[in-house]
Amino acid sequence: MTGLQQAARVFRAEAGTFAAIMPSGGPASVDGGSAEINDALSLVLAAFGGLHSQLAAVIGGMRASWRPPTAPTRTPRTPTSQ
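The opening residue of the sequence shown carries number 2 in this note's numbering; numbering runs sequentially from there.
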């Protein structure tokens, strides 16, 4: 169980690091030479930012799904009268 808890802590830390490497709105846009290209670049970069934020949330959420395994439970059989 200690190994799973340690892995969960690592995933939480890594998710925070991953989220911090890019602004939530995406990377800064550059001048593409025309307004149409600039608008298209801005949309694509904003989409990257959104997907990046979603991926960081998924990585962070993985730690919550890790639980120590439990032993299978057995229901004792009782004799039935016929």
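From the three backbone atoms N, C-alpha and C, an ideal C-beta is built for every residue, glycine too.
Where does residue i land, buried or exposed, given buried means 16+ other C-beta within 10 angstroms?
i, result
"A16", "buried"
"G27", "buried"
"A36", "exposed"
"A57", "buried"
Whose C-alpha, out of the options, is nearest the C-alpha of residue i?
i, options, result
"A48", "V59, P24 and R13", "P24"
"A29", "Q6, L42, T18 and I38", "L42"
"I22", "T3, H53, D40 and G4", "H53"
"G51", "A20, A8, F12 and R10", "A20"
The alpha helix (DSSP H) spanning residue i covers which residue range?
i, result
"G4", "T3 to A21"
Would DSSP call residue i helix, strand or coil?
i, result
"V59", "helix"
"D32", "coil"
"S25", "coil"
What number of angstroms, rounded off, separates the C-alpha of residue i from the C-alpha of residue j?
i, j, result
"I38", "V45", "10 Å"
"D40", "G33", "9 Å"
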